[in-house]
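Worksheet: the structure to be examined is printed underneath.
In structure tokens, the structure reads:
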């Protein structure tokens, strides 16, 4: 339901196709794919949503649990975040590191 408190409570596991910060329609929409097993990608998704909810960015989430697809992308760590088609973050890193990485990305 648009405008509901749940919509803006980003500190949770994001669903396939869900957009983080959907209310910020003036910002470009970036595509994020989380590669890895279901448990680690869920943990990473929650950290990512918490770390980025205050930043001026919109992200659409997709998950890939296919080892073959990950290998074809050149991914070596589980989980890995691919941002707009490029490997961006690898491993289950702390939320603070996620925030810093995206702050650097947005500063470009």
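Residue numbers (the working numbering): 20 to 127.
Note that the Cβ used here is the ideal one computed from N, Cα and C, for glycine as well.
| Query | Result |
| --- | --- |
| Separation of residue 90 from residue 73, as counted between CA atoms | 33 angstroms |
| Sequence-distant residues of the same chain with beta carbon closer than 6 angstroms to residue 52, five excluded per side | 81, 83, 101 |
| Euclidean distance between Cα positions of residue 48 and residue 77 | 5 angstroms |
| Beta-carbon separation (whole angstroms), residue 75 vs residue 111, contact threshold 8 angstroms | Not a contact, Cβ separation roughly 25 angstroms. |
| Beta-ladder partner(s) of residue 106, from DSSP | 101 |
| Through-space distance from residue 109 to residue 86, alpha-carbon basis | 15 angstroms |
| Entirely enclosed beta strand (DSSP E) segments - the segment 51-83, minimum 3 residues | 77-83 |
| Neighbour-count burial assignment, residue 99, 16 or more Cβ in a 10 Å radius | buried |
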